[in-house]
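Visitor:
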Amino acid sequence: DVKVTQSSRYLVKRTGEKVFLECVQDMDHENMFWYRQDPGLGLRLIYFSYDVKMKEKGDIPEGYSVSREKKERFSLILESASTNQTSMYLCASGARGLGQETQYFGPGTRLLVL
Amino acid sequence: DQQVKQNSPSLSVQEGRISILNCDYTNSMFDYFLWYKKYPAEGPTFLISISSIKDKNEDGRFTVFLNKSAKHLSLHIVPSQPGDSAVYFCAASPDKLIFGTGTRLQVFP
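First to last, the protein sequences are chains A and B. Residue numbers for the first sequence follow our numbering, beginning at 684 and rising by one. Residue numbers for the second sequence follow our numbering, beginning at 29 and rising by one.
1) Just confirm the distance between the C-beta atoms of A:Leu-795 and A:Val-695, as a whole number of angstroms; I'd bet it's less than 8 Å.
2) Just checking: is the beta-carbon of B:Glu-70 within a distance shorter than 8 Å of some beta-carbon in chain A?
3) Should A:Met-710 go down as buried or exposed, given a rule of 16 or more other Cβ atoms within 10 Å for buried?
4) Just the C-alpha distance for A:Met-865 and A:Ser-770, rounded to the nearest angstrom, thanks.
5) Classify A:Thr-688 as buried or exposed, calling it buried when 16 or more other Cβ atoms lie within 10 Å of its own Cβ.
6) How would you label A:Lys-753, buried or exposed, when you count the other beta carbons within 10 angstroms and need 16 or more for buried?
7) Going along chain A in order, which residues have a C-beta closer than 8 Å to the C-beta of B:Leu-133?
8) What are the boundary residues of the beta strand (DSSP E) that includes A:Ala-775?
9) DSSP puts A:Asp-721 in a beta bridge; with which residues?
10) Taking 8 Å as the CB-CB cut-off, is A:Tyr-787 touching chain B?
11) Count the other C-beta atoms from every protein chain shown that fall within 10 angstroms of the C-beta of A:Ile-729, then say buried if there are 16 or more, exposed otherwise.
12) Does any residue of chain B bring its CB to less than 8 Å from the CB of A:Lys-755?
13) Output the distance between the C-alpha atoms of B:Ile-105 and B:Ile-46, rounded to the nearest integer angstrom.
14) Note the first and the last residue of the continuous beta strand (DSSP E) segment covering A:Ile-743.
15) Rounded to the nearest angstrom, what separates A:Arg-727 and B:Val-32 at their Cα positions?
16) Is the CB-CB distance between A:Phe-703 and A:Gln-786 below 8 Å?
17) Nearest-angstrom Cα distance between B:Leu-101 and B:Val-135?
18) Below 8 Å, how does it come out for the stretch 50-63 of chain B and the stretch 119-131 of chain B: are there three or more Cβ pairs, yes or no?
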């Protein structure tokens, strides 16, 4: 079974704090993704990575950065958290071969920024 | 501009009956489609997929239908069970996945 784990299920941070969300997958997948899910907006892609040390902007990258130092680990960084970044954050991984790709998701991190 | 649309935010179905969830897309280049199921406070779980070379794919109680000419995708759940109550997302791909906004299905006894 594919396993994608996220470092925290719930986080509460203050405005202006730097926030790290970690994601680890154990299936040797090349591709990893960060999404946020908000009511009525579905899943929106923040950043993705097709290889180690490689990153690409998704649809809503503003206010976020990422790091992929190892194949199995993909980190999302909020440099200076703001209240509009309160959301559910979902990490996913998938095998190489764009198109026909199934992504597998972690349990999510619910972040509250006060 | 939303390329993948789920126009029904919610659906309520009696246990044992059929649930039909719909999804429309705008880009004819999409060639792979997926359905995910999501419970509250959990990540989405992959349910079923279909390639654009097919018009139907079945897995147990779940069947996905693809109508390319109408750019329409549907998920049928037969028979519906209370444990099917969740939010269902459709997604489409030429490369990255593009998700719809979700439909909340409630199956009542």
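Virtual Cβ for every residue (Gly too), placed ideally from N, Cα, C.
Guide: Once the coordinates are examined:
1) What you label residue 795 of chain A is simply residue 112 of the first sequence in a count that begins at 1. What you label residue 695 of chain A is simply residue 12 of the first sequence in a count that begins at 1. Confirmed, Cβ separation roughly 5 Å.
2) Your numbering for residue 70 of chain B matches position 42 in the second sequence. Closer than 8 Å to some Cβ of chain A, the Cβ of B:Glu-70 qualifies, so yes.
3) As a first step, residue 710 of chain A must be located in the first sequence, where it is residue number 27. So A:Met-710 counts as exposed.
4) A question about residue 865 of chain A goes unanswered here, because the residues of chain A that appear run from 684 up to 797.
5) Residue 688 of chain A sits at position 5 when you count from the first residue of the first sequence. Burial is judged here by how many other beta carbons sit within 10 angstroms of a residue's own beta carbon; A:Thr-688 has fewer than 16 and is exposed.
6) On the first sequence, position 70 is the one that residue 753 of chain A refers to. By the neighbour-count rule (16 or more Cβ atoms within 10 Å), A:Lys-753 is not buried but exposed.
7) Within the second sequence, numbered from 1, the residue matching residue 133 of chain B stands at position 105. Chain A residues near B:Leu-133: none, gap ~15 Å exceeds 8 Å.
8) Locating residue 775 of chain A in the first sequence gives position 92, where the first residue counts as 1. Under the DSSP assignment, A:Ala-775 falls in the beta strand (DSSP E) whose first and last residues are 770-777.
9) Stepping through the first sequence from its first residue, residue 721 of chain A is reached at position 38. Answer by DSSP bridge pairing, in chain order: A:Gly-725.
10) Taking the first residue of the first sequence as 1, we reach residue 787 of chain A at position 104. Yes, its Cβ sits closer than 8 Å to a Cβ of chain B.
11) As a position in the first sequence, residue 729 of chain A is number 46, starting the count at 1. Buried is the label assigned to A:Ile-729, since at least 16 other Cβ atoms lie within 10 Å of its Cβ.
12) Translated into positions along the first sequence, residue 755 of chain A becomes position 72. First, the amino acid is wrong: residue 755 of chain A is Glu here, not Lys. Closer than 8 Å: no.
13) Here residue 105 of chain B refers to the residue found at position 77 of the second sequence. Here residue 46 of chain B refers to the residue found at position 18 of the second sequence. Rounded to the nearest angstrom, the two C-alpha atoms are 6 Å apart.
14) Within the first sequence, numbered from 1, the residue matching residue 743 of chain A stands at position 60. Taken as a continuous stretch (DSSP letters only), A:Ile-743 belongs to no beta strand (DSSP E), as it is neither H nor E.
15) Position 44 of the first sequence, counted from the first residue, corresponds to residue 727 of chain A. Position 4 of the second sequence, counted from the first residue, corresponds to residue 32 of chain B. The alpha-carbon separation between A:Arg-727 and B:Val-32 amounts to approximately 12 Å.
16) As a first step, residue 703 of chain A is located in the first sequence; it is residue number 20 there, counting from the start. As a first step, residue 786 of chain A is located in the first sequence; it is residue number 103 there, counting from the start. Contact: no.
17) Translated into positions along the second sequence, residue 101 of chain B becomes position 73. Translated into positions along the second sequence, residue 135 of chain B becomes position 107. Cα-Cα distance, rounded: 21 Å.
18) Enough Cβ pairs lie closer than 8 Å, so yes.
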